[in-house]
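Residue 351 in the working numbering sits at position 351 of the sequence shown, and the numbers go up by one each step.
Since the structure comes first, as structure tokens, the remarks are kept for the end.
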Amino acid sequence: MRIAVVGAGIVGALVARELCRYEAEVHLFERAPDVGWGVTKANSGIVHGGFHDRPGTLRARFCAPGSALFEELARELDFAFLRTGAWVLALSRVEVSVLEGLREQGEENGVPGLEILPREEVLAREPHVNPEVVAGLWAPTVGVTEPWQVAIAAVENAVANGLFLHLAQEVTGLEVSGGRVQAVVTPQGRYPVEAVINAAGLYADRIAEMVGLTEPRLFPRRGEYVLLDKAASGLVHSVLFPAPVGDSKGILVLPTVDGGVLLGPNAQDLPEGAREANETTGEGLEEVVAGAKRLVPELPLHQAIKTFAGLRPESPQQDFVLGPTQVKGFYQAAAMRSPGLTAAPQIARWLAHEVIAPELGLTRKAQFNPVRQGIPHPAELPPGEWEALIREDPSWGRVVCFCNRVTEGEILEAVRRGARSLDGVKFRTRAGFGRCQGGVCTDKILKILARELGREPEDVHLRGPGSPVVVGKVRP
Ligand SMILES: Cc1cc2nc3c(=O)[nH]c(=O)nc-3n(C[C@H](O)[C@H](O)[C@H](O)COP(=O)(O)OP(=O)(O)OC[C@H]3O[C@@H](n4cnc5c(N)ncnc54)[C@H](O)[C@@H]3O)c2cc1C
């Protein structure tokens, strides 16, 4: 039995991992040169509570149970996750009634621990919040993570359990005959399969079209961000939401798992074809700063180290498209707008164990190891353990990225685990993710990559072919 998953974002990665628990040959196809470089790479990284979603939607059904799985998943796969909790802030009496509506909606969706607290309590716990705050809805089950790390960890664990990973291999066709999916076609080959799971993010509509389906219909909705340096750490301790207007959660201020502060996102609908338009705009960033200042008026904007944008795969029905279809063996995990990363673990379990395994008659493997060790980060280890690593291999003592104190040992380990580019190293180790944004360490990482991959430095890329870092010959 051969099963193909299309797309190695957080959704495809977790679905593939769950399927690896069964006696089946699972193949994961990703057109990018690495894992987690689609929508999963640029978003708020919030593990939502589930109170923002209208009851009856698939978002509401999968968000709270997905959120509840994150401790277990983070323990098994060894990625950073903080259950920070969140406030939805009411800045007027009218907004307090919005909080009451959200609390009721959350309770209907099974979100535990929601309570509306007075301004004194909000300001005691978050002293930098707008002093005009009237009340706050406290949601203890909200958290933050790095979604690309979840995808990388899930794929590493799945590979250890038998997954066939095909990077830089775009699915260009799907063969269907007799109403059943028969094969996956890529420029590199044809793979006969019994089932395909469509987890292709912004391009899931194109994959669905390959089997003749008209759902989902997708268009990109851009969200822009400003990232503040770790020097701003302590500004906020939990995720701050404004009282929402319509279906948008609004512009937020939140702590990141590595101590920074993130502002954003705004929401701008783009034409259907603009699926790579992840540039930031002057107006967009102004909107982000104005929205963030409503929640935290004294923002240390001089600590801004990066701006970026992500694209949501939005659909007219504003909901996920999940499960079996009229084409036998073709399953959807599509239209994954927010809270897609939160819902992903529960969607993966449901699809694999309650839909695909029973339909295909899959049996469980005798052996499946759910545990994956992350790359050690010596700067976070007790000094004795760091020294022990250095005694084993001195590269663990050579700091390459000073902002995030990333050592050569970590970079070598990232290469061993599949990093082939600067971004491959960055998203596995956080080297180049800090205050100087790679200003100091890029050339050192470039040389390490060149040495380890047996390439000339000019043949080492930011992401992959077509994204050169240096042009011309690099002097030794
Ligand atoms: C601005 C913004 C903020 C968000 N904030 C949050 C949040 O705080 N919390 C939350 O829960 N959710 C949030 N989301 C939503 C969340 O990020 C997404 O739901 C989730 O990342 C989607 O993951 P995915 O695996 O479906 O898609 P992707 O990560 O895009 O993965 C799909 C993969 O498929 C690949 N692919 C596409 N076509 C092909 C092909 N033909 N062949 C092979 N591979 C292909 C792509 O390269 C890509 O890597 C946010 C999204 C955005 C944009």
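All residues carry an ideal CB built from backbone N, CA and C; glycine is no exception.
Here the structure is a predicted model, which means the values were calculated and not measured.
Cα-Cα separation between A90 and F79, rounded to whole angstroms: Along the sequence shown, one-based indexing puts residue 90 at 90. Along the sequence shown, one-based indexing puts residue 79 at 79. Each residue's Cα considered, the two are about 33 Å apart.
Own chain residues within Cβ distance below 7 Å of Q303, not counting five before or after: Working through the sequence shown from its first residue, we reach residue 303 at position 303. L228, D229, A231, A232, listed in sequence order.
Anticipated Cβ contact below 8 Å, A158 with A16, distance rounded: Position 158 of the sequence shown holds residue 158. Position 16 of the sequence shown holds residue 16. Rounded to whole angstroms, the Cβ separation of A158 and A16 is 5 Å, and the two are in contact under 8 Å.
Option nearest E108 by Cα separation, candidates E458, R54, I445: Against the sequence shown, residue 108 aligns to sequence position 108. Nearest of E458, R54, I445 to E108, Cα basis: R54.
Rounded Cβ spacing between A450 and R428 (contact assumed at less than 8 Å): Here residue 450 corresponds to residue number 450 of the sequence shown, with the count starting at 1. Here residue 428 corresponds to residue number 428 of the sequence shown, with the count starting at 1. So it is not a contact: roughly 18 Å between Cβ atoms.
Top-ranked residue by Cα proximity to V425, from C436, T256, C401: Residue 425 sits at position 425 when you count from the first residue of the sequence shown. Cα-wise, what sits closest to V425 is C401.
Burial state of D423, where buried means 16 or more other Cβ atoms lie within 10 Å: Walking along the sequence shown from the start, residue 423 turns up at place 423. Counting Cβ neighbours within 10 Å, D423 comes out buried, since at least 16 surround it.
Contact belief for Q346 with L58 at Cβ below 8 Å, rounded distance in angstroms: Start at 1 with the first residue of the sequence shown, and residue 346 comes out as number 346. Start at 1 with the first residue of the sequence shown, and residue 58 comes out as number 58. So it is not a contact: roughly 11 Å between Cβ atoms.
For L137 and V94, believed in contact at Cβ under 8 Å, the rounded distance: Within the sequence shown, the letter at position 94 stands for residue 94. Within the sequence shown, the letter at position 137 stands for residue 137. Between L137 and V94 the Cβ distance is about 14 Å, and since that is not below 8 Å, they are no contact.
Simplified DSSP state of I411, which is helix, strand or coil: Mapped onto the sequence shown, residue 411 falls at position 411. If DSSP states are grouped into helix, strand and coil, I411 belongs with the helices.
Sequence-distant residues of the same chain with beta carbon closer than 6 Å to E175, five excluded per side: The count along the sequence shown starts at 1 and reaches residue 175 at position 175. The residues are Q182, A183.
Distance, D443 Cα to V474 Cα: Here residue 474 refers to the residue found at position 474 when the sequence shown is read from its first residue. Here residue 443 refers to the residue found at position 443 when the sequence shown is read from its first residue. Using only the alpha carbons, I get a separation of about 10 Å.
Status (buried if at least 16 other CB within 10 Å, exposed otherwise) for V245: Along the sequence shown, one-based indexing puts residue 245 at 245. So V245 counts as exposed.
Check whether T172 and P187 have beta carbons under 8 Å apart: Here residue 172 refers to the residue found at position 172 when the sequence shown is read from its first residue. Here residue 187 refers to the residue found at position 187 when the sequence shown is read from its first residue. Yes; because the gap between Cβ atoms is below 8 Å, this pair is in contact.
H27 beta carbon near ligand 1 (any heavy atom closer than 7 Å): Stepping through the sequence shown from its first residue, residue 27 is reached at position 27. No, since every heavy atom of ligand 1 falls outside the 7 Å radius drawn around the Cβ of H27.
L341 - DSSP class collapsed to helix/strand/coil: The residue given as residue 341 occupies position 341 in the sequence shown. L341: helix per DSSP, three-state reduction.
Distance cut-off 7 Å: T342 Cβ against heavy atoms of ligand 2: For the structure depicted, ligand 2 is absent and the ligand set comprises only ligand 1.
N- and C-terminal bounds of the beta strand (DSSP E) containing E115: The residue labelled residue 115 in the question sits at position 115 within the sequence shown. For E115, the uninterrupted beta strand (DSSP E) segment begins and ends at 115 to 118.
Close Cβ partners of P468 (< 8 Å) along its chain, the five nearest in sequence each way excluded: What you label residue 468 is simply residue 468 of the sequence shown in a count that begins at 1. Cβ within range, chain order: E458, H461, L462.
beta-carbon N43 near ligand 1 non-hydrogen atom, thresh 7 Å: For the purposes of this step, residue 43 is taken as residue 43 along the sequence shown, with counting starting at 1. True, at least one ligand heavy atom lies under 7 Å from that Cβ.
Cβ neighbour criterion (16 or more within 10 Å) applied to S177: By one-based count along the sequence shown, residue 177 stands at place 177. So S177 counts as exposed.
Short Cβ contact (8 Å threshold) for G38 with G9: By 1-based counting over the sequence shown, the position of residue 38 is 38. By 1-based counting over the sequence shown, the position of residue 9 is 9. For G38 and G9, yes; Cβs fall inside 8 Å.
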